[in-house]
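Visitor: Going by my numbering, 370 is the number at position 370 of the sequence shown; the sequence numbering is gapless.
Handing you this structure, nothing more for now.
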Amino acid sequence: MRKDLKELEVWFVTGSQHLYGEETLKQVDRDSREIAAALDRSGDIPVRVVFKPVVISPEAIHTICQQANTTGNCIGLITWMHTFSPAKMWIAGLKSLSKPFVHLHTQFNRDIPWDSIDMDFMNLNQSAHGGREFGFIGSRLRIERKVVVGHWATPMVQQKLGTWLRAAAAWHRWQGGRVARFGDNMREVAVTEGNKVSAQIQFGYSVSGYGVGDLVERINAVAESDINALMEQYEAEYEVAPEARKGGALRDTLKEAARMEKGMRNFLEEGGFSAFTTTFEDLHGLTQLPGLAVQRLMADGYGFGAEGDWKTAALVWAMKVMATGLKGGTSFMEDYTYHLHPDGMKVLGAHMLEVCPSISHGKTRLEVHPLGIGGKSDPARLVFDVASGPGVNASIMDMGNRFRLLVNPCDVVPADAPLPKLPVARVVWQPHPNLEVAAGAWILSGGAHHTGFSMAVTKEHLEDFSEMAGIEYVLIDQDTSIAAIKKELRWNELYYHLAKGL
Ligand code: MN
1 MRKDLKELEV
11 WFVTGSQHLY
21 GEETLKQVDR
31 DSREIAAALD
41 RSGDIPVRVV
51 FKPVVISPEA
61 IHTICQQANT
71 TGNCIGLITW
81 MHTFSPAKMW
91 IAGLKSLSKP
101 FVHLHTQFNR
111 DIPWDSIDMD
121 FMNLNQSAHG
131 GREFGFIGSR
141 LRIERKVVVG
151 HWATPMVQQK
161 LGTWLRAAAA
171 WHRWQGGRVA
181 RFGDNMREVA
191 VTEGNKVSAQ
201 IQFGYSVSGY
211 GVGDLVERIN
221 AVAESDINAL
231 MEQYEAEYEV
241 APEARKGGAL
251 RDTLKEAARM
261 EKGMRNFLEE
271 GGFSAFTTTF
281 EDLHGLTQLP
291 GLAVQRLMAD
301 GYGFGAEGDW
311 KTAALVWAMK
321 VMATGLKGGT
331 SFMEDYTYHL
341 HPDGMKVLGA
351 HMLEVCPSIS
361 HGKTRLEVHP
371 LGIGGKSDPA
381 RLVFDVASGP
391 GVNASIMDMG
401 NRFRLLVNPC
411 DVVPADAPLP
421 KLPVARVVWQ
431 PHPNLEVAAG
441 AWILSGGAHH
451 TGFSMAVTKE
461 HLEDFSEMAG
471 IEYVLIDQDT
481 SIAAIKKELR
491 WNELYYHLAK
501 GL
């Protein structure tokens with residue numbers, strides 16, 4: 001898996017027109033180069049920013065959009081109107097653009113030079129109305145996009161661009177991306193189902209099913225030397241439980257887990273997959289439910305969904321791309337059990353085994369315990385706690401006529417006491433605005449029990465992402481009330497029914 005986003009680029013495209021003459025256009029060009037270079041250097045911008053010559057005609061705009069479409073590592077455009085750029089010139093280009101763009105509404109100078117300002121200055125620095133003309137055509141064309149307002153050199157503006165670019169990078173990776181499913185859905189479960197053809201049309205990734213036997217074949221082919229190398233890594237990275245150490249009674253069980261990890265990794269690498277699912281109802285030929293293997297693959301950037309949940313697997317993958325290089329981890333998650341004490345209701349999140357150690361805080365223990373489900377031998381798993389801080393849960397559901405992205409920020413808090421008898425990774429959080437409203441709104445929104453959980457990604461990344469994907473975005477946060485969200489959901493039903501005609 002790729003560990004940074006610097007092989008990707010965004011194009012910095014400045015709009016203008018012929019009217020102003022050579023000298024002004026040269027100045028526009030110089031200013032645009034300076035802004036593009038500053039953004040390229042910014043620590044808040046995760047991809048390369050590539051300056052493109054100022055566009056002053058419909059032909060030039062159309063050409064640059066076509067080039068963006070066919071340039072493999074270009075994830076989208078940052079557009080800026082230094083001067084006025086009559087927006088009928090942008091119609092053909094924007095209609096043909098198949099990648100997202102963000103509208104940077106800034107101007108080169110931060111301050112008005114009160115003492116020296118004259119009409120030449122005014123004519124050079126027209127973003128205030130040039131950006132509005134450009135904005136109109138985006139709205140007239142009904143193109144979803146982000147508008148970032150403020151001076152380009154300020155951290156706030158660069159951070160907002162950086163957030164959008166992280167979402168755009170994830171969106172870029174989804175196009176042509178591949179999700180592998182080992183076995184099908186957990187029988188009778190509804191929310192993890194969905195239309196894979198609709199998803200490929202909407203999202204760009206494909207979902208391919210495999211018999212678990214295909215995976216078992218790869219696992220059985222793993223060399224002993226590879227297993228031994230992994231066992232050494234485990235010893236180095238984790239606090240391994242005594243019974244799983246050399247000579248311990250569960251040593252062989254851990255060796256089977258290592259064999260499984262290597263076999264799964266080989267399968268995913270050779271098939272070019274970036275996310276995958278398993279299901280405990282289909283483990284034929286596997287000695288144990290893959291726990292440790294899934295956890296370690298997630299830590300390396302793979303998306304994962306349990307019980308055949310390919311939508312969550314793809315979402316976790318996208319969130320991991322967004323989080324590249326940021327502090328805080330990202331994991332597959334499930335709202336497992338509640339603490340309903342009136343002094344502070346909270347959620348304990350976990351799964352049977354498959355929580356990503358990228359969110360681990362403190363000691364990560366490698367343990368082997370029985371599992372009361374699946375009827376297999378005792379699986380190995382990493383057990384850990386998660387540090388306090390802001391987090392977010394997100395879920396994508398197939399609502400029949402559209403996909404919905406549901407997002408709920410939370411505060412990760414310590415457990416009230418140590419959990420000595422709980423042999424799984426776990427995280428405790430208080431959802432915004434509180435559990436009563438958050439869980440009520442989540443359920444009314446049809447939100448899944450599986451989520452992508454992150455302490456690096458924010459609601460802003462996910463909102464930007466939903467706009468690129470062209471799907472419904474429902475946010476549950478400090479401003480949410482049950483009455484308001486009921487109305488929002490009803491209005492959205494109408495919007496998404498009617499919007500196809502706009
Ligand atoms: Mn589950």
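Where is the CB? At the ideal position from N, CA and C, for every residue including glycine.
May I have the straight-line CA-CA distance separating Gly389 from Asp411, to the nearest angstrom?
Guide: Taking the first residue of the sequence shown as 1, we reach residue 389 at position 389. Taking the first residue of the sequence shown as 1, we reach residue 411 at position 411. Going from the Cα of Gly389 to the Cα of Asp411 covers about 6 Å.
Visitor: What is the rounded straight-line gap between the Cα of Leu19 and the Cα of Ser98?
Guide: As a working mapping, residue 19 is identified with position 19 in the sequence shown. As a working mapping, residue 98 is identified with position 98 in the sequence shown. Between Leu19 and Ser98, the C-alpha separation is close to 29 Å.
Visitor: Buried or exposed for Phe453, please, with buried defined as at least 16 other CB atoms from any protein chain shown within 10 angstroms of its CB.
Guide: Your numbering for residue 453 matches position 453 in the sequence shown. It counts as buried.
Visitor: Using the beta-carbon count (16 or more within 10 Å), is Lys88 buried or exposed?
Guide: Walking along the sequence shown from the start, residue 88 turns up at place 88. Looking at its Cβ environment, which holds fewer than 16 other Cβ atoms inside 10 Å, Lys88 is exposed.
Visitor: Do Ser395 and His339 have their beta-carbon atoms positioned less than 8 Å apart in this structure?
Guide: By one-based count along the sequence shown, residue 339 stands at place 339. By one-based count along the sequence shown, residue 395 stands at place 395. It is not a contact, given that the beta carbons lie outside the stated cut-off.
Visitor: Any chance the CB of His351 is under 7 Å from a heavy atom of ligand 1?
Guide: Your numbering for residue 351 matches position 351 in the sequence shown. Checking every heavy atom of ligand 1 against the Cβ of His351, one is found closer than 7 Å.
Visitor: Alpha carbons only, please: which of Ala275, Tyr205 and Asp214 is nearest the one belonging to Asp507?
Guide: The requested residue 507 is not part of the displayed model; the chain covers only 1 to 502.
Visitor: Check whether the Cβ of Glu307 lies closer than 7 Å to any heavy atom of ligand 1, and answer yes or no.
Guide: The sequence position of residue 307 within the sequence shown is 307, counting from 1. Yes, the beta carbon of Glu307 sits closer than 7 Å to at least one heavy atom of ligand 1.
Visitor: Specify, as a first and last residue, the run of the beta strand (DSSP E) that Ser454 falls within.
Guide: Counting from one through the sequence shown, the residue named residue 454 turns up at place 454. Here the beta strand (DSSP E) through Ser454 covers His450 to Ser454.
Visitor: I need the DSSP call for Phe332, collapsed to helix, strand or coil.
Guide: Numbered from 1 along the sequence shown, position 332 holds the residue referred to as residue 332. In this structure, Phe332 counts as strand in the three-state DSSP scheme.
Visitor: Quick one: does the C-beta of Glu334 sit closer than 7 Å to a heavy atom of ligand 1?
Guide: Translated into positions along the sequence shown, residue 334 becomes position 334. Result yes, Cβ under 7 Å from ligand 1.
Visitor: With a threshold of 6 Å on Cβ separation, who are the neighbours of Ala438 within its own chain once the five nearest residues in sequence on each side are excluded?
Guide: Taking the sequence shown and counting its residues from 1, one reaches residue 438 at position 438. So the list reads Asn408, Pro431 and Ile476, once near-sequence residues are dropped.
Visitor: Pull up the distance between the alpha-carbon of Ile45 and that of Arg251, whole angstroms please.
Guide: To locate residue 45, count along the sequence shown from 1; it is residue 45. To locate residue 251, count along the sequence shown from 1; it is residue 251. Roughly 46 Å between the two C-alpha positions.
Visitor: Throw me the rounded Cβ distance for the Leu405 and Tyr495 pair, which I believe falls under 8 Å.
Guide: Here residue 405 refers to the residue found at position 405 when the sequence shown is read from its first residue. Here residue 495 refers to the residue found at position 495 when the sequence shown is read from its first residue. Not confirmed; about 15 Å, so no contact.
Visitor: Note down, in chain order, each residue of its chain lying with its Cβ closer than 6 Å to the Cβ of Gly272, except the 5 sequence neighbours on either side.
Guide: As a first step, residue 272 must be located in the sequence shown, where it is residue number 272. Cβ within range, chain order: Arg178.
Visitor: For a quick check, are the C-beta atoms of Ala448 and Met322 less than 8 Å apart?
Guide: Numbered from 1 along the sequence shown, position 448 holds the residue referred to as residue 448. Numbered from 1 along the sequence shown, position 322 holds the residue referred to as residue 322. It is not a contact, given that the beta carbons lie outside the stated cut-off.
Visitor: Are the stretch 255-270 and the stretch 283-300 in contact at 8 Å, needing three or more beta carbon pairs?
Guide: Yes, since at least three Cβ pairs between the stretch 255-270 and the stretch 283-300 fall closer than 8 Å, the two stretches touch.
Visitor: Going by the beta-carbon positions, is the gap between Trp152 and Thr106 smaller than 8 Å?
Guide: Counting from 1 along the sequence shown, the entry for residue 152 is found at position 152. Counting from 1 along the sequence shown, the entry for residue 106 is found at position 106. Result yes, Cβ atoms of Trp152 and Thr106 sit closer than 8 Å.
Visitor: Cα-Cα, which of Glu256, Met468, Gly391 and Ile143 is closest to Asn220?
Guide: One-based indexing of the sequence shown puts residue 220 at position 220. It is Glu256 whose Cα lies nearest to the Cα of Asn220.
Visitor: Could you say which of Ala299, Leu366 and Gly303 lies nearest to Ile359 if we only look at CA atoms?
Guide: Here residue 359 refers to the residue found at position 359 of the sequence shown. That would be Ala299, whose Cα lies nearest to the Cα of Ile359.
Visitor: In chain order, what residues of the same chain lie with their CB nearer than 6 Å to the CB of Gly93, ignoring the 5 residues before and after it?
Guide: What you label residue 93 is simply residue 93 of the sequence shown in a count that begins at 1. Closer than 6 Å at the Cβ level, and outside the excluded window around Gly93, lie Ile61, His62 and Cys65.
Visitor: Could you please give me the residues that DSSP links to Asp411 through a beta bridge?
Guide: For the purposes of this step, residue 411 is taken as residue 411 along the sequence shown, with counting starting at 1. Pro390 and Gln430.
Visitor: What do you get for Asn195, buried or exposed, if any count of 16 or more other CB atoms within 10 angstroms of its CB means buried?
Guide: Position 195 of the sequence shown holds residue 195. The residue is exposed, with fewer than 16 neighbouring Cβ atoms inside 10 Å.
Visitor: Per DSSP, what kind of secondary structure is Leu371 in: helix, strand or coil?
Guide: Indexing the sequence shown from 1 puts residue 371 at position 371. Reduced to three states, the DSSP call for Leu371 is coil.
Visitor: Between the C-alpha atoms of Glu188 and Arg490, what's the straight-line distance to the nearest angstrom?
Guide: Walking along the sequence shown from the start, residue 188 turns up at place 188. Walking along the sequence shown from the start, residue 490 turns up at place 490. Rounded to the nearest angstrom, the two C-alpha atoms are 27 Å apart.
Visitor: Tell me, which residues are paired with Tyr210 by DSSP?
Guide: Taking the sequence shown and counting its residues from 1, the one referred to as residue 210 is at position 210. DSSP, once it has assigned bridges, lists Phe182 as partnering Tyr210.
Visitor: Is Pro409 close to chain C, meaning its C-beta is less than 8 Å from at least one C-beta of that chain?
Guide: Annotation note: the requested chain C is absent from the structure, which comprises a single protein chain.
Visitor: Tell me where the alpha helix (DSSP H) around His62 begins and ends.
Guide: Translated into positions along the sequence shown, residue 62 becomes position 62. Taken as a continuous stretch (DSSP letters only), the alpha helix (DSSP H) holding His62 covers Pro58 to Thr70.
Visitor: For the stretch 339-351 and the stretch 195-210, state whether three or more C-beta atom pairs, one from each stretch, are separated by less than 8 Å.
Guide: Not touching, per the Cβ criterion.
Visitor: Mark Gly344 as exposed unless 16 or more other C-beta atoms lie within 10 angstroms of its C-beta, in which case mark it buried.
Guide: Looking up residue 344 in the sequence shown gives position 344. It counts as exposed.
Visitor: Under a three-way DSSP split, which group does Leu94 fall into?
Guide: For the purposes of this step, residue 94 is taken as the residue at position 94 of the sequence shown. Helix.
Visitor: Have a look at Ala314 and Gly305 and give me their C-alpha separation to the nearest angstrom.
Guide: Walking along the sequence shown from the start, residue 314 turns up at place 314. Walking along the sequence shown from the start, residue 305 turns up at place 305. Each residue's alpha carbon lies about 8 Å from the other.
Visitor: Going by DSSP in three states, Asp385 sits in which element: helix, strand or coil?
Guide: Taking the first residue of the sequence shown as position 1, residue 385 is located at position 385. In the structure shown, Asp385 sits in a strand (DSSP, three-state: E or B).
Visitor: Can you tell me which of Val386, Asn401 and Pro113 puts its alpha carbon nearest to the alpha carbon of Val428?
Guide: Against the sequence shown, residue 428 aligns to sequence position 428. It is Val386.
Visitor: Around the Cβ of Asn228, are there at least 16 other Cβ atoms within 10 angstroms (buried) or fewer (exposed)?
Guide: In the sequence shown, residue 228 corresponds to position 228, counting from 1. Looking at its Cβ environment, which holds fewer than 16 other Cβ atoms inside 10 Å, Asn228 is exposed.
Visitor: Nearest CA to the CA of Ala484: which residue from Leu498, Glu460, Tyr234 and Leu444?
Guide: What you label residue 484 is simply residue 484 of the sequence shown in a count that begins at 1. That would be Leu444, whose Cα lies nearest to the Cα of Ala484.
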